[in-house]
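Residue numbers (my numbering): 162 to 463.
Just so you know, even glycine gets a beta-carbon here, dropped at the ideal spot from N, CA and C.
Note that the structure is a prediction, hence the values are computed from the model and not measured.
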């Protein structure tokens, strides 16, 4: 175990992400021969091979791949500890990791982040997009420190604090050439069930994925984001519910048609959440700025 160092894990991670020793060395500010030497010394100490030659390229052995995958968890834990120590010393985190749910238009959020960074230029922001249960999972697994737009309900028993962002209105939308577009009056769920639904994948990695307003059991077209869902529905691939503000231009231009549906709640109550154990001044300041900006009411642009 003494032979497995964070230096080795960082090298393995960089090689895997960048695809070669040379690219990894460039990222780490070292020469490729230095990386090769470090790996060789660790292989000798461990008594195993981490790489094997395939043609002109070095690839991970099964042992090397296992060390890479498990080592990434150690690197993440080391980052968390480093950030906590720095926060304890100064009160300000060096970096904030934030997850934004795919439902939210991001223009207003970006404006708040720009203002925040102008006031605190030493901070670093790491922003990612999640969907439904994946938003909560990212917070509970400590991959992020703040989630914006997480759906109700809030998980219990995890030391999570939340503030309501407000209500996001959805609308059932179809392309103008879709058969349902000619329908007059509210649609029944049975009518919708006969057509293909466009569904955004829940980004949960380990927990049971959430689904919302799933009105049929088979004809599905899956995408990774709300932007892809909008594009798919504009193309006539399928139908589904979309945030009204995100498709306001498409509705005005006639690329999508909004239809009424019987018996479906079209309001999503969204939250901003973080763990109470995170007492960094940067997080507190950013949360206050986002709440003051009223990002849901102001999120007219996508």
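In this structure, the alpha-carbon of residue 207 lies about 14 Å from that of residue 229. The criterion of a C-beta distance shorter than 7 Å is satisfied by residue 342 and residue 418. Residue 317 is classed as exposed because its beta carbon has fewer than 16 other beta carbons within 10 Å across all chains shown.
Close CB contacts of residue 396 within its chain, under the 8 Å cut and outside five residues either way in sequence, are with 336 (chain order).
Buried is the label assigned to residue 258, since at least 16 other Cβ atoms lie within 10 Å of its Cβ. By the Cβ rule, the region 252-266 does not count as touching the region 193-210, because fewer than three pairs are nearer than 8 Å. The closest CA to that of residue 304, considering only 289, 247, 312 and 315, is found on 289. Per the DSSP secondary-structure output, residue 291 pairs in a beta bridge with 262.
Judged by pairs of C-beta atoms under 8 Å, the region 426-436 touches the region 327-335, as three or more such pairs exist. Under the criterion of beta carbons closer than 8 Å, residue 362 and residue 400 do not qualify as touching, at roughly 17 Å. In this structure, DSSP gives residue 443 a helical state, which the three-state scheme calls helix.
Contact annotation: residue 209 and residue 326 have beta-carbon atoms that are not nearer than 7 Å. The Cβ-Cβ distance between residue 225 and residue 211 falls below 7 Å.
Residue 272 and residue 204 have their C-alpha atoms roughly 48 Å apart. CA-to-CA, the gap between residue 165 and residue 193 works out to about 20 Å. Contact between the region 439-456 and the region 267-284 is present: 3 or more CB-CB pairs across the two stretches fall below 8 Å.
7 Å or more divides the Cβ of residue 306 from the Cβ of residue 412.
In the DSSP assignment, residue 330 is bridged to 428. Residue pairing by DSSP places residue 360 opposite 383 in a beta bridge.
If the five residues before and after residue 348 are omitted, its C-beta is found closer than 8 Å to the C-beta atoms of 333, 341, 420, 421, 422 and 423, all from its own chain and listed in chain order. Considering only 177, 188 and 244, the residue with the shortest C-alpha distance to residue 220 is 177. Nearest in C-alpha terms to residue 295, of all of 309, 284, 286 and 285, is 309.
Shown here for residue 246: not one same chain residue has a beta carbon closer than 7 Å to its own, the five before and five after excluded. Scanning 311, 277 and 222 for the CA closest to the CA of residue 451 turns up 277. Boundaries of the beta strand (DSSP E) around residue 214: 212-215. In its chain, beyond the 5 residues on either side, 306 have a beta carbon closer than 7 Å to the beta carbon of residue 439.
Between residue 442 and residue 253, the CB-CB gap stays under 7 Å.
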